[in-house]
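Numbering (the numbering used here), first residue to last: 984 to 1247. Beneath this line is the structure, given in structure tokens, with notes to follow.
The following block contains the structure:
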């Protein structure tokens, strides 16, 4: 009886020990969503501390200054590209922002070239729009003295997002246009061809003006002619007849948006 009791006791202890061992080996997964957003605020504060420091006034607007300001942010948040996030969209937005900062370092290296300022502006626009994507998921917090700078960045990012959305919409609209030969009014003997399209402004945007470039391409892939269509005061949902003429024969029409302006 004592022997059986001893065996049962040993089995019971073994089960408890095994259970404790299993529990101790389980590691709680650490997610870094909140840590990233907190450190992003600190990274922005650190960047602005550098750019606002009077001691750096002579270098801020140089290659060294652009690189240092950008690297200052990266030093704080680059580690998060390899850490786990619970929110996959936040992780995606974090990676996009980190990669844009890395792109900023590459652009900074071109300081002094003819293309630098255009490329830096593109980087700035892309960076601010990516900040918006993060802030829409989790609010970015910076020091009180820098809040107005962050607000300005986020406002700029909103403008960039709106502009990008509009450009995608207008491009899709241009791609949807279908021109056909107006045989009744064309004259093949004179190599005079009229192409028309009935188009409804489905963009939900009111154009002050819209320029479209029409590229005519033959079956060899050679551009044989280019034409431009200009429309002004084109309201959303308004239908118009678009037209261009050419004396060339072609197999493909390529339409691109040259320029546009939207009514306020």
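Every residue, glycine too, gets a C-beta built ideally from N, C-alpha and C. These numbers were taken from a predicted model, which means no experiment stands behind them.
Checklist entry - How do the segment 1196-1206 and the segment 1224-1237 stand: do at least 3 beta-carbon pairs fall below 8 angstroms, yes or no? => result yes
Checklist entry - Within the 8 angstroms Cβ cut-off, does residue 1013 reach chain D? => result Here there is only one protein chain, and chain D is not present.
Checklist entry - Name the DSSP beta bridge partners of residue 1225, please? => result 1180
Checklist entry - Residues bridged to residue 950 by DSSP? => result Any question about residue 950 goes unanswered here, given that the chain covers just 984 to 1247.
Next on the checklist: Judging by CA-CA distance, which residue of 1131, 1140, 1124 and 1074 is the nearest neighbour of residue 1105?
Outcome noted: 1140
Item to check | Given residue 1213 as reference, the closest of 1224, 1121 and 1099 once Cα atoms are compared | outcome: 1224
Next on the checklist: What does DSSP give as the partner residue(s) for residue 1175 in the beta ladder?
Outcome noted: 1170
Checklist entry - Run through DSSP, which three-state label would residue 1245 get? => result strand
Item to check | Simplified DSSP state of residue 1132, which is helix, strand or coil | outcome: helix
Checklist entry - For the segment 1056-1133, which segments carrying the alpha helix (DSSP H) assignment without a break, of at least 4 residues, lie completely within its bounds, in sequence order? => result 1071-1091 and 1099-1120
Checklist entry - Taking 7 angstroms as the cut-off, does the CB of residue 1141 come closer than this to any heavy atom belonging to the ligand MN? => result Judged by which ligands are present, the structure shown has none, so any question about the ligand MN falls away.
Item to check | Where the alpha helix (DSSP H) through residue 1013 begins and ends | outcome: Taken as a continuous stretch (DSSP letters only), residue 1013 belongs to no alpha helix (DSSP H), as it is neither H nor E.
Item to check | Straight-line Cα distance separating residue 1191 from residue 1219 | outcome: 11 angstroms
Next on the checklist: If the criterion is Cβ atoms closer than 8 angstroms, does the pair residue 1160 and residue 1138 meet it?
Outcome noted: no
Next on the checklist: I'd like to know whether the C-beta atoms of residue 1091 and residue 1063 end up nearer to each other than 8 angstroms.
Outcome noted: no
Checklist entry - Is it right to say residue 1175 is buried, meaning 16 or more other beta carbons lie within 10 angstroms of its own, or is it exposed? => result exposed
Checklist entry - When burial is assigned at 16 or more other CB atoms within 10 Å of the CB, is residue 1012 buried or exposed? => result exposed
Next on the checklist: With distance defined between alpha-carbon atoms, name the residue in 1238, 1165, 1016 and 1226 nearest to residue 1120.
Outcome noted: 1016
Next on the checklist: Rounded to whole angstroms, what is the Cα-Cα separation between residue 1122 and residue 1020?
Outcome noted: 8 angstroms
Checklist entry - In three-state terms, what does DSSP make of residue 1137? => result helix
Next on the checklist: I need the DSSP call for residue 1209, collapsed to helix, strand or coil.
Outcome noted: strand
Checklist entry - Whole-angstrom Cβ separation of residue 1094 and residue 1145, contact assumed at under 8 angstroms? => result With a Cβ gap of about 29 angstroms, residue 1094 and residue 1145 do not count as contacting.
Checklist entry - What residues in its chain sit with their C-beta under 8 angstroms from that of residue 1068, if we drop five residues either side in the sequence? => result 1014, 1015, 1016, 1019, 1074 and 1077
Item to check | Distance between residue 1152 and residue 1242 (C-alpha atoms, nearest Å) | outcome: 14 angstroms
Checklist entry - Can the beta-carbon of residue 1195 be found closer than 8 angstroms to that of residue 1240? => result yes
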